[in-house]
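Q: Here you go, one structure.
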DNA sequence: TAGATTGTTAATCGATTAACAATC
DNA sequence: TAGATTGTTAATCGATTAACAATC
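Chains as they are written, first to last, in our numbering: chain A, 82 to 297; chain B, 82 to 297.
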């Protein structure tokens, strides 16, 4: 079978996406500071990157600059927000409302870029049915309905490792398309579901490697 | 000036270190399951890696396998723990004891690999002086003494963005050599201090990029 | 126009993978 | 020994960087 006309498929490197996210935050700050234009060199210098890399990252998506000038801050910001999907609201399900879930709920910075926790999922009888800042807490057995009505595609998983796979299966069945997982366990999801693990142990162990090495 | 005899400096890729951490956890599990040996192919298959990559990752540090057999699980586990610095206890300072700090304190999995929270730092008058599971909570102004007496080299930063740089400066002055930062801000540290940022916004924005793209 | 900076091609660098002699 | 699997070299792949014509 023939592939779709691949006019947008030159396979974007993951690191490019991550840098676009960094550029976007920088542009938001520049705009606040009243700066109108910025060159790829200026932008690169702020993050110890190469200016060619900045231009190449952007070139995957179009031509946004003006030769001799650079990039218009607010224009580029808007383009990157569109590319990253930050030009709309993303309702998010927060699954697990223990210490970590609560911390993530109050984490400032999610909201700023259009992510809005629309429902909290927790099976604790003392929590189900309550609201937190107008966000309802529902039990796992009711999650499918909530996800469908609210058209939620993103879930943040902050439950213990033991229950992570079971609740993931239900989330996926209900239509969740992307998962940010904090449970220290390897989840299995269908190929069309995007899974990103935040693995705190790896981060710490990387640090201790360098410390141990410098001890000789 | 001549370099030191570089008999251990072929510059290890960061991704290699991260994979060693993954291998180690797998080996712990295999040992629990009573499995005695494993080949690079077996190990690679569990993580969709290439067997040559597994062997190359290990080859940076020595020859740990037996031709025709593979690797002895408990032997390799011990070697990797030594390489990653997991064959000793690392006292850790947990800085900030709000929702996130509390969640990290109770996070299982740190302790398993030798990281032990030895002191909690928080300036809330209601918290200072108390203990949590025998771990003392101290104020920032007393942190230097604690870090020196307990020989703490690693800090986990779970404070608001506004106070992150100030407390970091004090931690570094007191001798902290590695920082795992959860505050959504760019910290400046001396070159010899290892800094790893956990950036939750980037993770979410990467997810929304792929969702937005698949919407066309 | 002259100076600046883009978008893009070609060169470089580094990491992954294939292949295979060594050897248990 | 024959079969299996390592450690390592060479080939491949992909990402970063340098260089520069195009052009504002």
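Note that beta-carbon positions come from the ideal geometry of N, C-alpha and C, so glycine has one too.
I'd like the ranges of any alpha helix (DSSP H) spanning at least 4 consecutive residues and lying wholly in the region 211 to 278 of chain A.
A: If we require 4 residues or more, the alpha helix (DSSP H) runs fully inside the region 211 to 278 of chain A come out as 224 to 230, 242 to 254.
Q: Check each candidate in B:186, B:211, B:209 and name the one with the smallest Cα separation from residue 236 of chain B.
A: Reading the second chain from its first residue, position 155 is the one you call residue 236 of chain B. Taking only the C-alpha atoms, the option nearest residue 236 of chain B is B:186.
Q: Quick check: is the beta carbon of residue 103 of chain A nearer than 9 Å to any beta carbon in chain B?
A: Counting from 1 along the first chain, the entry for residue 103 of chain A is found at position 22. Output row for residue 103 of chain A: interface = yes.
Q: Please classify residue 241 of chain A as buried or exposed, where buried requires at least 16 neighbouring CB atoms within 10 angstroms.
A: Residue numbering aside, residue 241 of chain A sits at position 160 when the first chain is read from its first letter. Label assigned to residue 241 of chain A: exposed.
Q: Applying a beta-carbon distance threshold of less than 8 Å, which residues of chain A neighbour residue 244 of chain B?
A: The residue given as residue 244 of chain B occupies position 163 in the second chain. What residue 244 of chain B touches in chain A: nothing, since even the nearest Cβ is about 13 Å away.
Q: Can you tell me whether DSSP reads residue 206 of chain A as helix, strand or coil?
A: Counting from one through the first chain, the residue named residue 206 of chain A turns up at place 125. In this structure, residue 206 of chain A counts as coil in the three-state DSSP scheme.
Q: Please list, in chain order, all residues of the same chain as residue 83 of chain A whose beta carbon is under 7 Å from its beta carbon, the five residues on each side excluded.
A: Within the first chain, residue 83 of chain A is the residue found at index 2, counting from 1. The predicted model places residue 83 of chain A with a pLDDT of 36, which falls under 50 and marks its position as unreliable; any figure quoted below should be read in that light. Contacts found: none.
Q: Is DSSP giving residue 152 of chain A helix, strand or coil here?
A: The residue you call residue 152 of chain A lines up with position 71 of the first chain. Strand, per DSSP.
Q: Anything in chain A within Cβ reach of residue 284 of chain B, meaning under 7 Å, just list it in chain order.
A: Residue 284 of chain B sits at position 203 when you count from the first residue of the second chain. Per Cβ cutoff of 7 Å: 261, 277, 279.
Q: Name the residues in the region 166 to 178 of chain B whose C-beta lies less than 9 Å from a C-beta of chain A; which are they?
A: Those residues of the region 166 to 178 of chain B that come within reach of chain A (Cβ to Cβ, closer than 9 Å) are 166, 167, 168, 169, 171, 173.
Q: Would you please verify whether the beta carbon of residue 265 of chain A is less than 9 Å from any beta carbon of chain B?
A: Working through the first chain from its first residue, we reach residue 265 of chain A at position 184. So, interface residue.
Q: Any beta-carbon of chain A closer than 9 Å to the one on residue 258 of chain B?
A: To locate residue 258 of chain B, count along the second chain from 1; it is residue 177. For residue 258 of chain B, the answer is yes, since a Cβ of chain A falls inside 9 Å of its Cβ.
Q: Note down the Cα distance separating residue 282 of chain B from residue 296 of chain A, rounded to an integer number of angstroms.
A: Stepping through the second chain from its first residue, residue 282 of chain B is reached at position 201. Stepping through the first chain from its first residue, residue 296 of chain A is reached at position 215. If you take the alpha carbons of residue 282 of chain B and residue 296 of chain A, they lie about 34 Å apart.
Q: For residue 198 of chain A, which three-state DSSP category applies?
A: Numbered from 1 along the first chain, position 117 holds the residue referred to as residue 198 of chain A. Correct three-state label for residue 198 of chain A: strand.
Q: Taking a contact to mean a Cβ-Cβ separation below 9 Å, would you say residue 139 of chain A touches residue 130 of chain A in this structure?
A: Counting from one through the first chain, the residue named residue 139 of chain A turns up at place 58. Counting from one through the first chain, the residue named residue 130 of chain A turns up at place 49. No; because the gap between Cβ atoms is not below 9 Å, this pair is not in contact.
Q: Going by beta carbon distance, what residues of the same chain come within less than 7 Å of residue 119 of chain A, once the five residues before and after it are set aside?
A: As a working mapping, residue 119 of chain A is identified with position 38 in the first chain. 111, 151, 152, 154, listed in sequence order.
Q: By the DSSP assignment, the alpha helix (DSSP H) with residue 135 of chain A in it spans what residues?
A: Residue mapping note: residue 135 of chain A aligns to position 54 of the first chain, counting from 1. Residues 132 to 140.
Q: Under DSSP, the alpha helix (DSSP H) around residue 167 of chain A begins and ends at which residues?
A: The count along the first chain starts at 1 and reaches residue 167 of chain A at position 86. That residue, residue 167 of chain A, is in no alpha helix (DSSP H); it is neither H nor E in DSSP.
Q: So the candidates are A:191, A:194, A:204, A:160; which of them puts its Cα closest to the Cα of residue 178 of chain A?
A: Position 97 of the first chain, counted from the start, is the residue given in the question as residue 178 of chain A. Checking every option, the nearest Cα to that of residue 178 of chain A belongs to A:204.
Q: Measuring only the C-alpha atoms, how far is residue 246 of chain A from residue 278 of chain A?
A: On the first chain, residue 246 of chain A is found 165 positions in, with the first residue counted as 1. On the first chain, residue 278 of chain A is found 197 positions in, with the first residue counted as 1. Answer to the nearest angstrom: the Cα atoms are 13 Å apart.
Q: If you draw a straight line from the alpha carbon of residue 174 of chain A to that of residue 253 of chain B, how long is it in whole angstroms?
A: Counted from its first residue, the first chain places residue 174 of chain A at position 93. Counted from its first residue, the second chain places residue 253 of chain B at position 172. Rounded to whole angstroms, residue 174 of chain A to residue 253 of chain B spans 38 Å at the Cα level.
Q: Return the residue from the list A:134, A:285, A:195, A:117 that minimises the CA-CA distance to residue 94 of chain A.
A: Mapped onto the first chain, residue 94 of chain A falls at position 13. Of A:134, A:285, A:195, A:117, the residue nearest in Cα terms is A:134.
Q: Can you have a look at residue 91 of chain B and say buried or exposed, based on whether 16 or more other CB atoms are within 10 angstroms of its CB?
A: As a first step, residue 91 of chain B must be located in the second chain, where it is residue number 10. The residue is exposed, with fewer than 16 neighbouring Cβ atoms inside 10 Å.
Q: Could you list the residues in the region 114 to 135 of chain B with a C-beta less than 7 Å from some C-beta on chain A, going in chain order?
A: Hits within the stretch: zero.
Q: Please classify residue 146 of chain B as buried or exposed, where buried requires at least 16 other C-beta atoms within 10 Å of its C-beta.
A: Position 65 of the second chain holds residue 146 of chain B. Under this definition residue 146 of chain B is a buried residue.
Q: Distance check for residue 230 of chain A and residue 102 of chain A, CA to CA, integer angstroms please.
A: Against the first chain, residue 102 of chain A aligns to sequence position 21. Against the first chain, residue 230 of chain A aligns to sequence position 149. Rounded to the nearest angstrom, the two C-alpha atoms are 29 Å apart.
Q: I'd like to know if residue 86 of chain A contacts chain B, where contact means its C-beta is closer than 9 Å to some C-beta of that chain.
A: By one-based count along the first chain, residue 86 of chain A stands at place 5. Because the pLDDT at residue 86 of chain A is just 40, under 50, the model does not fix this residue reliably, and the value given afterwards should be weighed accordingly. Not one chain B Cβ lies under 9 Å of residue 86 of chain A.
Q: So if DSSP puts residue 172 of chain A in a beta bridge, which residue, or which two residues, is it bridged to?
A: Position 91 of the first chain, counting from 1, holds the residue named residue 172 of chain A. Note: residue 172 of chain A sits in a beta bridge opposite A:197.
Q: If you follow the alpha helix (DSSP H) that residue 98 of chain A is part of, which residue opens it and which one closes it?
A: As a first step, residue 98 of chain A is located in the first chain; it is residue number 17 there, counting from the start. Its alpha helix (DSSP H) spans residues 95 to 113.
Q: Please classify residue 116 of chain A: does DSSP put it in a helix, a strand, or coil?
A: Residue numbering aside, residue 116 of chain A sits at position 35 when the first chain is read from its first letter. In this structure, residue 116 of chain A counts as coil in the three-state DSSP scheme.
Q: Between residue 290 of chain A and chain B, is any beta-carbon pair separated by less than 9 Å?
A: Start at 1 with the first residue of the first chain, and residue 290 of chain A comes out as number 209. Yes, because at least one Cβ of chain B sits closer than 9 Å to the Cβ of residue 290 of chain A.
Q: Please confirm whether residue 247 of chain B has its beta-carbon closer than 9 Å to some beta-carbon of chain A.
A: To locate residue 247 of chain B, count along the second chain from 1; it is residue 166. Not closer than 9 Å to any Cβ of chain A, the Cβ of residue 247 of chain B fails to qualify, so no.
Q: Where do the ends of the alpha helix (DSSP H) carrying residue 188 of chain B lie?
A: Here residue 188 of chain B is taken as the residue at index 107 of the second chain, counted from 1. It is not in any alpha helix (DSSP H) - residue 188 of chain B carries neither H nor E in the DSSP assignment.
Q: Excluding the 5 residues flanking residue 263 of chain A on each side, which residues of the same chain have their C-beta closer than 7 Å to its C-beta?
A: Working through the first chain from its first residue, we reach residue 263 of chain A at position 182. So the qualifying residues of the chain are 181, 238, 239, 279.
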